[in-house]
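These notes concern the structure reproduced below.
There are 2 protein chains.
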Amino acid sequence: PGLLLGDAFPNFEADTTIGKLKLYDFLGDSWGILFSHPRDYTPVCTTELGQAAELSPEFTKRNVKMIALSIDSLEEHYSWSKDILAYNNDETVSEIPFPIIADDRRELAVELGMLDPEEKDQSGMPLTARCVFVISPDKKLKLSLLYPATTGRNFDEILRVIDSLQLTAHKRVATPVNWKPGDCVMVPPAIPEDEARSLFPAGVYTKELPSGKRYLRYTPQP
Amino acid sequence: PGLLLGDAFPNFEADTTIGKLKLYDFLGDSWGILFSHPRDYTPVCTTELGQAAELSPEFTKRNVKMIALSIDSLEEHYSWSKDILAYNNDETVSEIPFPIIADDRRELAVELGMLDPEEKDQSGMPLTARCVFVISPDKKLKLSLLYPATTGRNFDEILRVIDSLQLTAHKRVATPVNWKPGDCVMVPPAIPEDEARSLFPAGVYTKELPSGKRYLRYTPQP
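So the protein lines, in turn, are chains A and B. Throughout the first sequence, residue numbering follows this note's numbering, covering 1 to 222 in sequence. Throughout the second sequence, residue numbering follows this note's numbering, covering 1001 to 1222 in sequence.
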């Protein structure tokens, strides 16, 4: 278990709060984000799913379909959802805007390497960790995060990496450390100087380095 | 290959820019962060290692030892290091303040599941992805990130999660979504109300929820 970058994401079938779904059918041609949480009715998870619900228009705008997962039952998901909405305190939203998978037999959690052995339920079974998998339209794993139960995720970082993945899927650029949308991007070394000039009419700036190699090239975000 | 949360981190031996090291001896009682990059003399990696070098006092302050890794040779690491320092443009720092592993036979990259199959060198061999492994003093994997070559990491997020991991290793709290040091933290459900009151003399605030369950409890960061 444990998915590596570039692996084809398993086309699993699962019971969710919007009914049974098959992953590929659900995603269609969209990007996908699958994120697990340890347990319904727990504090950090409630803040995370609340934030995910609030940001769902940002994911939709980026053509990313969201799916949550934990080892709780559908009944627990349904009634916990009311707590999440109350936590968000947004009366215009009456439903969690993405499905939550009920992986109560831990089949997906095991298959996808999502368990956190340090967090156990009352019967001693491990809970799911805070995993994030970003899936590209060709159903490959593009990026993953694996955080323990103690540490809530950062949805700004999740949107930041989706922006980078989508930009670099369509433009021949890469994003530097701590990049944010609108910042300059890097020109990959495989693009020759002439071609770089015509590909990036906004200009290419090359930083001189002791090695004399001309690889540290910036251009405004295309 | 591919490490899961809670796995004992392999006590590997490696050739590095500060000589041969064995992981556990190098780490001693410290926390550790092992991060891989695709290739020396490439643009995003230079910005990342430059940022890592600049932030090394922040990691030291947190008792975290840093180790970088790529599939390049020691000779490449040594001469590329000069480029990184020139990029940083900080004349007070004359050396990269952490070792860089030369994994030129890709042994660690394979063992630790760090390869990115979409990025290949001139001979068609896959490069390392942008992985981050945070290792606790008991040598277990506490958290991991797996980003592709196109997408530079965010060192603010890396420091944020280290702050959360260290806080929650010593105090019985967990950090909510988007938490930053100094923000309120969550009281885990396993702590009964009486005990929570005495454990957190700064006060515990419980949010009322439709389920009537009293699990959404905040307290100022202890």
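Beta carbons: idealized from backbone N, C-alpha and C, even for Gly.
Asked	Found
Under 7 Å by beta carbon: chain B residues contacting A/Lys207	Tyr1087
Contact set between the stretch 55-70 of chain A and chain B, restricted to residues whose Cβ is under 7 Å from the partner	none
Test: A/Pro1 CB closer than 9 Å to a CB of chain B	Below a pLDDT of 50, predicted positions are generally treated as unreliable, and A/Pro1, at 49, falls in that range; no measurement from the model is reported.
Beta-carbon proximity check, A/Ile123 vs A/Trp31, cutoff 9 Å	In the sequence as presented, Ile is not what sits at residue 123 of chain A; that position holds Ser. In this structure, A/Trp31 does not lie closer than 9 Å to A/Ser123 by Cβ.
For B/Tyr1205 and B/Pro1222, the rounded distance between their alpha carbons	14 Å
The stretch 168-183 of chain A in contact with the stretch 1164-1179 of chain B per 3-pair CB rule at 8 Å	no
Three-pair Cβ contact test at 8 Å for the stretch 1125-1134 of chain B versus the stretch 1035-1054 of chain B	yes
Under 8 Å from the C-beta of B/Pro1174: neighbouring residues of chain A	According to the sequence provided, residue 1174 of chain B is Ala. The question's Pro does not apply to it. Here the neighbours are Pro43, Val44, Ala149, Thr150, Thr151, Gly152.
Buried/exposed call for A/Leu154, threshold 16 Cβ in 10 Å	Reading off the sequence shown, one finds Asn at residue 154 of chain A, where the question assumed Leu. Burial call: buried.
Short Cβ contact (9 Å threshold) for B/Ile1067 with B/Ile1162	no
Beta-carbon gap between A/Thr17 and A/Ala102 smaller than 9 Å	yes
Min CB distance A/Gln221 to chain B below 9 Å	no
Given 8 Å, three or more beta-carbon pairs between the stretch 1198-1217 of chain B and the stretch 43-52 of chain A	yes
The stretch 1091-1123 of chain B: positions lying closer than 8 Å to chain A by Cβ	Gly1113, Leu1115, Asp1116, Pro1117, Glu1118
B/Ser1164 burial status per 10 Å Cβ neighbour count (16 or more: buried)	buried
8 Å Cβ shell around B/Leu1004 - same chain, five flanking residues per side excluded	Leu1141
9 Å Cβ cutoff, A/Val177 in contact with chain B	yes
Nearest neighbour of B/Leu1159, chosen from B/Tyr1024, B/Asn1063, B/Tyr1041 [CA to CA]	B/Asn1063
Secondary structure of A/Tyr87, DSSP reduced to three states	helix
Check whether B/Leu1085 and B/Ile1096 have beta carbons under 9 Å apart	yes
Helix, strand or coil at B/Asp1116 [DSSP, three-state]	strand
Bridge partners - B/Ala1273, DSSP secondary structure assignment	Since the first residue shown for chain B is 1001 and the last is 1222, residue 1273 of chain B is missing from the structure and cannot be characterised.
Contacts that A/Gly6 makes with chain B (C-beta to C-beta distance below 7 Å)	Asp1116, Pro1117, Glu1118
C-beta neighbour in chain D for B/Asp1083, strict 9 Å	This model lacks chain D altogether; the protein chains it does include are A and B.
Neighbour-count burial assignment, A/Gly152, 16 or more Cβ in a 10 Å radius	buried
Beta carbon of A/Pro148 nearer than 9 Å to that of A/Asp194	no
Presumed contact (8 Å Cβ cut-off) between B/Arg1172 and B/Pro1188, rounded CB distance	6 Å
Where B/Pro1010 falls, given that 16 or more other Cβ within 10 Å makes a residue buried	exposed
Cutoff 9 Å: B/Arg1197 Cβ touching any chain A Cβ	no
Residues near B/Lys1207 by beta carbon distance below 7 Å, same chain, minus five either side	Leu1216
Cut-off 7 Å between Cβ atoms - residues of its own chain near B/Tyr1078, not counting five sequence neighbours on either side	Thr1017
Proximal chain B residues relative to A/Trp80, where beta-carbon distance stays under 8 Å	Ser1211
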